[in-house]
Amino acid sequence: MEFKDRIVELRESTGMTRKEFCEYFQIPYRTMTEWERDNRHAPDYVLRLLEYYVRMEGLMKNKQDSEN
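In the working numbering, the protein residues as written are 40 to 107.
Structure (structure tokens):
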């Protein structure tokens, strides 16, 4: 899976908008936009840390919740 797909999937799994995700993780909005458009890539460890944090803090929403 490409970086941009992984970062979009991670953000969407939280149910947050791009703006909310950026504010929560203190990531500049422009940076997140560039990542999602595949214009720039964060180091792999940044994505791994975000994935870990989302999982450990219970930020992932159930797919069922987002469909209802």
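C-beta: ideal position from N, C-alpha, C; glycine also. Predicted, not measured: the structure shown is a model, and the values here were computed from it.
- Exclusion of the five residues before and after Met-55 leaves Tyr-63 as the residues of its chain whose Cβ lies within less than 7 Å of its Cβ.
- Taking all protein chains shown into account, Leu-89 has 16 or more neighbouring C-beta atoms within 10 Å of its C-beta and is therefore buried.
- Arg-57 sits close to Met-71, with the two beta carbons spaced by under 8 Å.
- For Lys-43, the enclosing alpha helix (DSSP H) has its first and last residue at 42-53.
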